[in-house]
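A short worksheet on the structure shown next.
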Amino acid sequence: MPKLKTKSAAKKRFRITGKGKIKRKQAFHSHKATSKTRKRKRNLRKSVLVAKSDEKNLKKILPHK
1090 MPKLKTKSAA KKRFRITGKG KIKRKQAFHS HKATSKTRKR KRNLRKSVLV AKSDEKNLKK
1150 ILPHK
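In the numbering used here, the protein residues as written are 1090 to 1154.
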């Protein structure tokens, strides 16, 4: 059985919380920012948890985190 490798792209984009959930940044923050309200841009700065349906696939590509 070969060693499991972590996907480099996933390593840069996701973090594991203390309870094992996966955190990610939100999209649509920087592109065409002038047309978005201050409130919307401020809320997009915050990180959010990955959806439950995607967690299983992400755990496979982040085996050592």
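Using N, Cα and C, we set each Cβ at its ideal position, and we do this for glycine too.
- Would you kindly check if the distance between the Cβ of valine 1139 and the Cβ of isoleucine 1111 is under 8 Å? Here the question's residue 1111 lines up with position 22 in the sequence shown. Here the question's residue 1139 lines up with position 50 in the sequence shown. Result yes, Cβ atoms of isoleucine 1111 and valine 1139 sit closer than 8 Å.
- Task: Return yes when the Cβ of histidine 1118 is within less than 8 Å of the Cβ of lysine 1108, no when it is not.
- Result: Residue mapping note: residue 1108 aligns to position 19 of the sequence shown, counting from 1. Residue mapping note: residue 1118 aligns to position 29 of the sequence shown, counting from 1. The answer is no: Cβ separation not under 8 Å.
- Query: For the alpha helix (DSSP H) that contains arginine 1134, what are its first and last residues?
  - Reply: Within the sequence shown, the letter at position 45 stands for residue 1134. No residue range can be given for arginine 1134, since it is assigned to no alpha helix (DSSP H) and is classified by DSSP as neither H nor E.
- In terms of residues, what are the limits of the alpha helix (DSSP H) holding lysine 1101? Taking the sequence shown and counting its residues from 1, one reaches residue 1101 at position 12. In the DSSP annotation of this structure, the continuous segment of the alpha helix (DSSP H) that includes lysine 1101 starts and ends at 1097-1102.
- lysine 1125 in three-state terms, based on DSSP: For the purposes of this step, residue 1125 is identified with residue 36 of the sequence shown, where counting begins at 1. DSSP places lysine 1125 in coil when its eight states are reduced to three.
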